[in-house]
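Numbering (our numbering), first residue to last: 406 to 797.
Ideal Cβ positions, reconstructed from N, Cα and C, are used throughout, including at glycine.
Notes follow the structure.
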């Protein structure tokens, strides 16, 4: 894989750390800014909504600009938003900074996904996506736990400053490694924006976007509420929470790496094998959550299966949106973040039921079941491999 892909992954690592880091910082933010924890929790929703809306909107605005200048601008705006967030003493300003950061991240990821596929041969999109998403998985392994430790030692503002600083080497890497005239140049001689947006009417594209969003919703439903499962259901101390998060992140890295080598040519077997295993895994985790060894082992397995299946489906989005060369990345980004926004909301409704803290795990299993039921009648479309990108 070309070096520029790894430079883009560094930026995704910094941004992915920011996306997930609030889970361990909300109580401190609420106390410092004199708001309730529930109010502070709206920062997560603001980020997710900004990602969903921002992906197609910002990608459309940036489509006529060179890829390198767009990527650089997004990274610098993202960094500046964190500087503002770290320095403010007013919650509305912090809220606004999260929305701006989400818009910048959405634009960056949309352009980066498209850029990544242009840096490799047409039949290597899955491997390129795996490298890019490795930034997110490494963020869950190292960035998020590291941010939690830094926040505990130096306060939540230190974590915001650290993310802002992480963006600077990423910006330098983009300047030095990404071609000056990149993927967005294709907009000048490529299809019109209206034509690219019209691709969203295609049932095949909508199908894989829906499946990708549903599987990602299952992933975030379980992942978001993993902490109370560790402390309440399993009875482990709070220090085991970052251990569980690291295991989930390590599994996700393994899953996305393995799927990257298979999703281009053999997406069908990945889904046919990974889907049922993922479906079995979430209820198994709910049932065995009171056994710490089983819990930690299954957390790793579910991380691997979730990201293997999810990244394969998002790769299918890029193939099915091949006729939208500057907007395909935004469609994949929107699908990912629609799931990230909806999954925790569905999972939260289960916490007041008899299932208790295991409710989100059952919700994850139900979401995977829905995805498989939708996918089964259309399995030929999903298993079509790279050849489907040339079909209408």
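- [ ] Report yes or no: do the segment 757–768 and the segment 484–493 share at least 3 C-beta pairs separated by less than 8 Å?
- [x] No: fewer than three Cβ pairs fall under 8 Å.
TODO: Look up residue 560 in the DSSP assignment and say whether it is helix, strand or coil.
DONE: For the purposes of this step, residue 560 is identified with residue 155 of the chain shown, where counting begins at 1. DSSP places residue 560 in coil when its eight states are reduced to three.
Task: Continuous beta strand (DSSP E) assignments of at least 3 residues falling wholly in the segment 417–492 - done: Listed in chain order, there is nothing to give.
Open item on the list: I'd like the span of the alpha helix (DSSP H) that includes residue 635, first residue to last.
Closed with: In the chain shown, the residue the question calls residue 635 occupies position 230. Unbroken run through residue 635: none, as it is neither H nor E.
Open item on the list: Pairs of beta-carbons, one from the segment 772–781 and one from the segment 659–675, closer than 8 Å: are there three or more?
Closed with: The segment 772–781, when compared against the segment 659–675, does not touch it at the 8 Å Cβ threshold.
Open item on the list: Could you tell me the alpha carbon to alpha carbon distance between residue 807 and residue 724, rounded to whole angstroms?
Closed with: Shown here, the chain extends from 406 to 797; a query on residue 807 therefore has no answer.
Open item on the list: Using the Cβ count rule (16 or more neighbours within 10 Å means buried), how would you classify residue 554?
Closed with: Translated into the one-based positions of the chain shown, residue 554 becomes position 149. Under this definition residue 554 is an exposed residue.
- [ ] Below 7 Å CB to CB, which residues in the same chain sit around residue 563 once its five sequence neighbours on both sides are set aside?
- [x] Your numbering for residue 563 matches position 158 in the chain shown. Excluding sequence neighbours, residue 563 sits near 555 and 556.
Task: Span of the alpha helix (DSSP H) around residue 705 - done: Numbered from its first residue, the chain shown carries residue 705 at position 300. Element bounds for residue 705: 697–725.
TODO: Rounded to whole angstroms, what's the CA-CA distance from residue 463 to residue 509? Just pull it up for me.
DONE: Here residue 463 is taken as the residue at index 58 of the chain shown, counted from 1. Here residue 509 is taken as the residue at index 104 of the chain shown, counted from 1. Cα to Cα, the separation comes out at about 8 Å.
Open item on the list: With a threshold of 8 Å, are at least 3 pairs of Cβ atoms found where one atom belongs to the segment 681–691 and the other to the segment 751–758?
Closed with: Result no; under three Cβ-Cβ pairs closer than 8 Å.
- [ ] Return the CA-CA distance between residue 423 and residue 654, expressed in angstroms with no decimal places.
- [x] Position 18 of the chain shown, counted from the first residue, corresponds to residue 423. Position 249 of the chain shown, counted from the first residue, corresponds to residue 654. When the Cα atoms are used, residue 423 and residue 654 turn out to be separated by approximately 15 Å.
Task: Through-space distance from residue 643 to residue 434, alpha-carbon basis - done: Here the question's residue 434 lines up with position 29 in the chain shown. Here the question's residue 643 lines up with position 238 in the chain shown. Straight through space, the alpha carbons of residue 643 and residue 434 are spaced by roughly 19 Å.
TODO: Measure from the alpha carbon of residue 656 to the alpha carbon of each residue in 707, 446, 750 and 601, then state which is nearest.
DONE: Along the chain shown, one-based indexing puts residue 656 at 251. When C-alpha distances from residue 656 are compared across 707, 446, 750 and 601, the shortest belongs to 707.
Task: Exposure label - residue 352; buried when at least 16 CB within 10 Å - done: Only positions 406 to 797 of the chain appear in the structure, and residue 352 is not among them; the question remains open.
- [ ] Return the CA-CA distance between residue 477 and residue 576, expressed in angstroms with no decimal places.
- [x] The residue given as residue 477 occupies position 72 in the chain shown. The residue given as residue 576 occupies position 171 in the chain shown. Going by C-alpha positions, residue 477 is about 6 Å away from residue 576.
Open item on the list: Going by beta-carbon coordinates alone, are residue 698 and residue 622 separated by less than 9 Å?
Closed with: Within the chain shown, the letter at position 293 stands for residue 698. Within the chain shown, the letter at position 217 stands for residue 622. No, these two residues do not count as a Cβ contact at 9 Å.
Task: C-alpha distance - residue 602 paired with residue 734, whole-angstrom precision - done: Counted from its first residue, the chain shown places residue 602 at position 197. Counted from its first residue, the chain shown places residue 734 at position 329. Straight-line Cα distance between these residues: approximately 12 Å.
Open item on the list: residue 626 and residue 804 - do their beta-carbons sit closer together than 9 Å?
Closed with: The chain is shown from 406 up to 797; residue 804 falls before or after that span and cannot be answered.
- [ ] Use the C-beta contact count for residue 666: other C-beta atoms within 10 angstroms, 16 or more gives buried, fewer gives exposed.
- [x] Here residue 666 refers to the residue found at position 261 of the chain shown. Exposed, since its Cβ has fewer than 16 Cβ neighbours within 10 Å.
Task: residue 361, DSSP secondary structure in three states - done: No information on residue 361 is available, as it lies outside the stretch 406 to 797 that the chain covers here.
- [ ] In angstroms with no decimal places, state the Cα-to-Cα distance between residue 650 and residue 430.
- [x] For the purposes of this step, residue 650 is taken as the residue at position 245 of the chain shown. For the purposes of this step, residue 430 is taken as the residue at position 25 of the chain shown. Distance from the CA atom of residue 650 to the CA atom of residue 430, rounded to whole angstroms, is 15 Å.
Task: Proximity below 9 Å, CB of residue 490 to CB of residue 502 - done: The residue labelled residue 490 in the question sits at position 85 within the chain shown. The residue labelled residue 502 in the question sits at position 97 within the chain shown. For residue 490 and residue 502, yes; Cβs fall inside 9 Å.
Task: Exposed unless 16 or more other CB atoms sit within 10 angstroms - verdict on residue 441 - done: Here residue 441 refers to the residue found at position 36 when the chain shown is read from its first residue. Classification for residue 441: exposed.
- [ ] Output yes or no for whether 9 Å exceeds the beta carbon distance between residue 616 and residue 729.
- [x] In the chain shown, the residue the question calls residue 616 occupies position 211. In the chain shown, the residue the question calls residue 729 occupies position 324. At a Cβ-Cβ threshold of 9 Å, residue 616 and residue 729 do not count as neighbours.
TODO: Would you decide whether residue 432 is buried or exposed? Buried here means 16 or more other CB atoms lie within 10 Å of its CB.
DONE: The residue labelled residue 432 in the question sits at position 27 within the chain shown. Around the beta-carbon of residue 432, fewer than 16 other beta-carbon atoms lie within 10 Å, marking it exposed.
TODO: State the Cα-Cα distance for the pair residue 677 and residue 717, rounded to the nearest angstrom.
DONE: Here residue 677 is taken as the residue at index 272 of the chain shown, counted from 1. Here residue 717 is taken as the residue at index 312 of the chain shown, counted from 1. Taking the straight line from one Cα to the other gives about 12 Å.
Task: Local conformation of residue 514 per DSSP, three classes - done: Within the chain shown, residue 514 is the residue found at index 109, counting from 1. Residue state, collapsed to three classes: helix.
Open item on the list: Determine whether the beta carbon atoms of residue 538 and residue 705 lie at a separation below 9 Å.
Closed with: Taking the chain shown and counting its residues from 1, the one referred to as residue 538 is at position 133. Taking the chain shown and counting its residues from 1, the one referred to as residue 705 is at position 300. Taking 9 Å as the cut-off, the beta carbon of residue 538 is found no closer than this to the beta carbon of residue 705.
Task: Chain-order list of residues whose beta-carbon lies under 7 Å from that of residue 743 (same chain, five-residue window excluded) - done: For this step, residue 743 is matched to residue 338 along the chain shown. Listed in chain order, the non-local C-beta contacts of residue 743 below 7 Å within the same chain comprise 457 and 618, local neighbours out to five positions each way being set aside.
TODO: Give me the Cα-Cα distance between residue 411 and residue 453, rounded to the nearest whole angstrom.
DONE: Here residue 411 refers to the residue found at position 6 of the chain shown. Here residue 453 refers to the residue found at position 48 of the chain shown. For residue 411 and residue 453, the distance between alpha carbons rounds to 25 Å.
TODO: Assign residue 475 to one of two classes, buried (16 or more other C-beta atoms within 10 Å of its C-beta) or exposed (fewer than that).
DONE: Sequence index remark: in the chain shown, residue 475 carries index 70 (1-based). Around the beta carbon of residue 475, 16 or more other beta carbons lie within 10 angstroms, which makes this residue buried.
Task: Three-state secondary structure assigned by DSSP to residue 532 - done: For the purposes of this step, residue 532 is taken as residue 127 along the chain shown, with counting starting at 1. Reduced to three states, the DSSP call for residue 532 is helix.
Open item on the list: Give me, in chain order, the residues of the same chain whose beta-carbon lies closer than 6 Å to that of residue 726; leave out the 5 immediate sequence neighbours on both sides.
Closed with: Reading the chain shown from its first residue, position 321 is the one you call residue 726. Once the five neighbours on either side are set aside, the close Cβ partners of residue 726 are 604, 610, 733 and 736.
TODO: Would you mind reading off the limits of the alpha helix (DSSP H) that contains residue 738?
DONE: As a first step, residue 738 is located in the chain shown; it is residue number 333 there, counting from the start. Run containing residue 738: 733–753, per the alpha helix (DSSP H) assignment.
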